[in-house]
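Protein chains in written order, with our numbering: chain A, 20 to 406; chain B, 20 to 406.
There are 2 protein chains.
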Amino acid sequence: MARIRNPERHSHTASSPKGRDLQSMNEPLTVALPSPFTLYRNGVLHHARIAYETWGQLNEARDNAILLFTGLSPSQHAASSELDPSPGWWERIVGPGLALDTTRHFIVCVNSLGSCFGSTGAASIDPATGERYRLNFPEIAVEDIARAGYETVQALGIDTLECVVGASLGGMSVLAFATLFPQAARGLISISGSAAPSAFAIALRSVQREAILRDPDWQGGNYQPEHPPRSGMRIARKLGTITYRSAAELRQRFGREPLAGNARSVSPFAPHFAVEGYLEAQAERFLRVFDANCYLYLSNAMDRFDLSEHGGSIATALKNVSAERVLVIGVESDMLYAIHEQAAIAEAFQHNGVPTRFTRMPSLEGHDAFLVDIPRFDAALRDFLCP
Amino acid sequence: MARIRNPERHSHTASSPKGRDLQSMNEPLTVALPSPFTLYRNGVLHHARIAYETWGQLNEARDNAILLFTGLSPSQHAASSELDPSPGWWERIVGPGLALDTTRHFIVCVNSLGSCFGSTGAASIDPATGERYRLNFPEIAVEDIARAGYETVQALGIDTLECVVGASLGGMSVLAFATLFPQAARGLISISGSAAPSAFAIALRSVQREAILRDPDWQGGNYQPEHPPRSGMRIARKLGTITYRSAAELRQRFGREPLAGNARSVSPFAPHFAVEGYLEAQAERFLRVFDANCYLYLSNAMDRFDLSEHGGSIATALKNVSAERVLVIGVESDMLYAIHEQAAIAEAFQHNGVPTRFTRMPSLEGHDAFLVDIPRFDAALRDFLCP
Numbered sequence: 020m021a022r023i024r025n026p027e028r029h030s031h032t033a034s035s036p037k038g039r040d041l042q043s044m045n046e047p048l049t050v051a052l053p054s055p056f057t058l059y060r061n062g063v064l065h066h067a068r069i070a071y072e073t074w075g076q077l078n079e080a081r082d083n084a085i086l087l088f089t090g091l092s093p094s095q096h097a098a099s100s101e102l103d104p105s106p107g108w109w110e111r112i113v114g115p116g117l118a119l120d121t122t123r124h125f126i127v128c129v130n131s132l133g134s135c136f137g138s139t140g141a142a143s144i145d146p147a148t149g150e151r152y153r154l155n156f157p158e159i160a161v162e163d164i165a166r167a168g169y170e171t172v173q174a175l176g177i178d179t180l181e182c183v184v185g186a187s188l189g190g191m192s193v194l195a196f197a198t199l200f201p202q203a204a205r206g207l208i209s210i211s212g213s214a215a216p217s218a219f220a221i222a223l224r225s226v227q228r229e230a231i232l233r234d235p236d237w238q239g240g241n242y243q244p245e246h247p248p249r250s251g252m253r254i255a256r257k258l259g260t261i262t263y264r265s266a267a268e269l270r271q272r273f274g275r276e277p278l279a280g281n282a283r284s285v286s287p288f289a290p291h292f293a294v295e296g297y298l299e300a301q302a303e304r305f306l307r308v309f310d311a312n313c314y315l316y317l318s319n320a321m322d323r324f325d326l327s328e329h330g331g332s333i334a335t336a337l338k339n340v341s342a343e344r345v346l347v348i349g350v351e352s353d354m355l356y357a358i359h360e361q362a363a364i365a366e367a368f369q370h371n372g373v374p375t376r377f378t379r380m381p382s383l384e385g386h387d388a389f390l391v392d393i394p395r396f397d398a399a400l401r402d403f404l405c406p
Numbered sequence: 020m021a022r023i024r025n026p027e028r029h030s031h032t033a034s035s036p037k038g039r040d041l042q043s044m045n046e047p048l049t050v051a052l053p054s055p056f057t058l059y060r061n062g063v064l065h066h067a068r069i070a071y072e073t074w075g076q077l078n079e080a081r082d083n084a085i086l087l088f089t090g091l092s093p094s095q096h097a098a099s100s101e102l103d104p105s106p107g108w109w110e111r112i113v114g115p116g117l118a119l120d121t122t123r124h125f126i127v128c129v130n131s132l133g134s135c136f137g138s139t140g141a142a143s144i145d146p147a148t149g150e151r152y153r154l155n156f157p158e159i160a161v162e163d164i165a166r167a168g169y170e171t172v173q174a175l176g177i178d179t180l181e182c183v184v185g186a187s188l189g190g191m192s193v194l195a196f197a198t199l200f201p202q203a204a205r206g207l208i209s210i211s212g213s214a215a216p217s218a219f220a221i222a223l224r225s226v227q228r229e230a231i232l233r234d235p236d237w238q239g240g241n242y243q244p245e246h247p248p249r250s251g252m253r254i255a256r257k258l259g260t261i262t263y264r265s266a267a268e269l270r271q272r273f274g275r276e277p278l279a280g281n282a283r284s285v286s287p288f289a290p291h292f293a294v295e296g297y298l299e300a301q302a303e304r305f306l307r308v309f310d311a312n313c314y315l316y317l318s319n320a321m322d323r324f325d326l327s328e329h330g331g332s333i334a335t336a337l338k339n340v341s342a343e344r345v346l347v348i349g350v351e352s353d354m355l356y357a358i359h360e361q362a363a364i365a366e367a368f369q370h371n372g373v374p375t376r377f378t379r380m381p382s383l384e385g386h387d388a389f390l391v392d393i394p395r396f397d398a399a400l401r402d403f404l405c406p
């Protein structure tokens with residue numbers, strides 16, 4: 020395995036005498052970003068770090084690395100590993116012999132800048148004050164997430180990537196990466212991304228953010244970590260969950276089935292249908308792991324992303340891309356980032372003469388299909404990466 | 020004009036000495052429902068009233084009446100009248116020479132039972148206690164709304180209706196009316212209704228209700244009218260507004276236009292896009308007129324509605340319908356009550372041998388198209404009512 024320049028274990032819990040061995044198992048690997056790290060819109064970060072996880076081995080030529088960007092909510096834990104044997108969010112895609120084959124590729128998944136799984140975000144301690152950033156955190160753009168991913172692989176000794184992959188916010192990050200570092204990857208895979216989210220997507224995310232902003236427990240962003248704006252986060256995540264799937268899938272999975280064990284409640288408005296139980300479970304899971312301010316910053320970054328800021332159009336933004344091949348995957352039932360947006364992304368690459376494959380997935384699972392419709396995504400990714 | 024049995028002005032403000040003449044202009048006409056009024060699911064109402072408004076003249080044969088049910092939020096004020104010259108919610112459909120032609124028809128629009136524009140609902144005073152019902156109000160079903168509409172026209176001296184018309188919740192009320200009173204109307208028009216809302220529609224409304232239920236100002240339903248759960252109502256209405264339209268319409272109207280006059284705000288999460296301003300305006304308007312508990316009751320009624328409870332299927336529920344003609348209108352871009360649901364409703368009537376026309380509207384405006392795409396709806400209604 021090739022030498023890695025400066026990764027280190029993030030040590031914020033190292034001073035804890037209790038359960039240190041156990042904790043160190045779960046401490047994220049991090050790299051330092053260049054400091055100061057000047058942000059795309061405004062402001063700088065000092066001593067920022069990016070958490071990441073890797074699978075497989077970087078070969079001696081250092082040319083088998085795949086950089087994986089995530090959606091808004093997942094962590095860098097895409098798959099189980101020795102460091103963390105719990106299943107990851109793309110467990111059936113990343114692994115030995117899988118589509119992102121860890122026996123062939125060195126896979127690096129980064130926690131987005133601004134998120135809360137070890138990368139610097141609004142929930143992190145501001146080294147200038149010793150307090151959490153909270154709303155003093157500067158505005159994060161998708162371009163910053165992309166550049167932080169680039170700096171992470173640079174720090175791992177990788178100059179040129181075999182491929183950069185991402186879905187949802189990850190797909191947007193791939194597009195920003197391609198725009199900012201057009202020579203840095205031989206392959207690109209954008210899944211259910213967006214080059215500039217639609218009014219519909221903006222409207223939905225605006226309501227999600229407002230649910231948090233109006234929760235009194237948000238306290239202008241100054242909530243204590245143990246007392247977050249739970250109500251707002253629940254509403255935001257439930258609404259997100261609905262828009263990540265499709266009406267057809269919800270009909271098939273839940274129909275009008277009543278909630279199991281639903282006794283006549285004292286409240287006339289208690290959940291009554293199985294689909295409400297599903298939303299509840301999704302919200303509960305999210306509440307346990309995600310920071311509200313980080314959510315707000317990343318949600319905002321998604322709305323504000325507009326690739327055409329880089330020269331006037333998507334094609335102009337991507338005009339210097341030297342990738343040998345690009346795969347754009349869209350899902351026909353995706354209500355958030357519609358299939359015509361995916362087609363427009365593919366066309367922009369094609370317009371620039373980049374060999375580009377556009378795959379329309381007929382999956383029922385909407386925006387989240389990449390997490391659920393594994394057979395189709397496995398086949399499409401495998402076919403592209405290991406033809 | 021034919022004699023009307025027992026309508027009277029609702030007199031809850033008559034004891035106010037100030038501005039009495041002005042107020043009486045806006046006092047709704049009401050009729051008393053039979054007392055007790057036994058509800059479809061459970062419970063009874065005593066001395067309940069239904070607010071209504073009429074246009075045109077009931078003829079001597081009493082056979083030119085059209086009963087109009089409303090969506091969740093509109094009042095009985097479908098069009099301007101001498102009583103209330105302000106524009107109504109279907110101003111370009113109901114009037115002299117319009118599709119619902121007030122020179123030919125006697126049109127009665129009812130405020131749904133459970134709503135808050137003069138009909139008895141959770142915000143009304145419970146005669147048994149002298150206090151507002153609030154959560155002591157019994158569960159309202161769409162069947163109750165339908166029967167309250169039937170009782171209203173009965174009270175106005177009408178036994179058989181020329182037509183029963185409604186859109187959204189109004190369309191559901193039309194289906195319930197046809198099931199409960201299969202001989203009472205010669206024509207039926209169901210627009211963007213549902214015979215049993217989908218998991219997707221239920222999920223969205225569940226989140227809307229939860230936004231209100233979790234607003235501390237809701238106070239378990241015991242808020243004072245001057246201090247309603249504004250945050251929850253705003254979130255609920257904004258989400259509703261998004262689902263009442265379509266992604267295509269929002270793209271066409273707003274795209275990624277910035278909010279007019281949007282200066283760099285002190286808050287990093289202040290509204291930034293024009294579509295957010297639109298949602299804001301819709302929410303503000305709704306907050307001024309609608310009661311939160313009434314909203315919860317009606318939203319719940321929509322989710323729980325399942326026409327197949329009446330015999331096992333939609334067709335069985337409608338098997339005794341003797342209407343001479345039925346018009347079912349669906350909108351292809353309706354994400355809430357999808358076009359295939361409309362087709363299924365039309366097929367159920369056709370299965371029973373009822374002459375039924377099914378009109379698929381290609382309107383961009385989604386569920387709300389009946390309020391917006393007036394040329395198409397005018398043509399379809401006119402063609403059916405005045406061929």
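Yeah, the Cβ is synthetic: ideal placement off N, Cα and C, and Gly gets one too.
Those residues which DSSP pairs with residue i across a bridge
{"i": "Cys182(B)", "result": "Ile85(B)"}
{"i": "Leu232(A)", "result": "Looking at the DSSP assignment, Leu232(A) forms no beta bridge with any residue, so it has no partner."}
{"i": "Trp74(A)", "result": "Ile126(A)"}
{"i": "Thr57(A)", "result": "Val63(A)"}
{"i": "Phe377(A)", "result": "Val347(A)"}
{"i": "Leu119(A)", "result": "Val113(A)"}
{"i": "Ile254(B)", "result": "According to DSSP, which records beta bridges pairwise, Ile254(B) is partnered with nothing at all."}
Beta-carbon neighbours of residue i, restricted to chain B and to distances below 9 Å
{"i": "Asp325(A)", "result": "Arg275"}
{"i": "Asn319(A)", "result": "Pro287, Phe288 and His291"}
{"i": "Leu154(A)", "result": "Ser286, Pro287 and Phe288"}
Where residue i meets chain B, residues with beta-carbon distance less than 8 Å
{"i": "Met354(A)", "result": "Ala266 and Met354"}
Where residue i falls: helix, strand or coil (DSSP)
{"i": "Phe368(B)", "result": "helix"}
{"i": "Arg275(A)", "result": "coil"}
{"i": "Ile393(A)", "result": "helix"}
{"i": "Ile358(B)", "result": "helix"}
{"i": "Leu400(A)", "result": "helix"}
{"i": "Pro406(B)", "result": "coil"}
{"i": "Gly280(A)", "result": "coil"}
{"i": "Val340(A)", "result": "coil"}
{"i": "Gly330(B)", "result": "coil"}
{"i": "Phe324(B)", "result": "coil"}
{"i": "Arg111(A)", "result": "coil"}
{"i": "Leu317(B)", "result": "helix"}
{"i": "Gly409(B)", "result": "Outside the displayed range of chain B (20 to 406) lies residue 409(B), so it cannot be described from this structure."}
{"i": "Phe292(A)", "result": "strand"}
{"i": "Arg264(B)", "result": "coil"}
{"i": "Ala51(B)", "result": "strand"}
{"i": "His386(A)", "result": "helix"}
Contacts that residue i makes with chain A (C-beta to C-beta distance below 8 Å)
{"i": "Pro235(B)", "result": "Pro235"}
{"i": "Ser225(B)", "result": "Lys257, Pro290, Phe292, Val294, Glu295 and Leu298"}
{"i": "Glu158(B)", "result": "Pro287"}
{"i": "Ile254(B)", "result": "Val226, Glu229, Ala230, Arg233 and Ile254"}
{"i": "Ile261(B)", "result": "Phe219, Ala222, Leu223 and Val226"}
Contacts of residue i in chain A (Cβ-Cβ under 7 Å)
{"i": "Ser250(B)", "result": "Arg233"}
{"i": "Ala357(B)", "result": "Ala266"}
{"i": "Arg228(B)", "result": "Phe288"}
Residue i: contacting residues in chain A (beta-carbon distance under 9 Å)
{"i": "Leu269(B)", "result": "Ser217, Ala218, Phe219, Ile221 and Ala222"}
Residue i: contacting residues in chain C (beta-carbon distance under 9 Å)
{"i": "Leu315(B)", "result": "Among the chains of the structure shown, chain C does not appear; the protein chains present are A and B."}
In the stretch 121-180 of chain A, which residue ranges form an unbroken alpha helix (DSSP H) of at least 4 residues, counting only runs that do not cross its ends? Counting only runs of 4 or more, we get 161-174.
Taking the runs of the alpha helix (DSSP H) that are 4 residues or longer, which of them lie wholly in the stretch 190-250 of chain A? 218-232, all fully within the stretch 190-250 of chain A.
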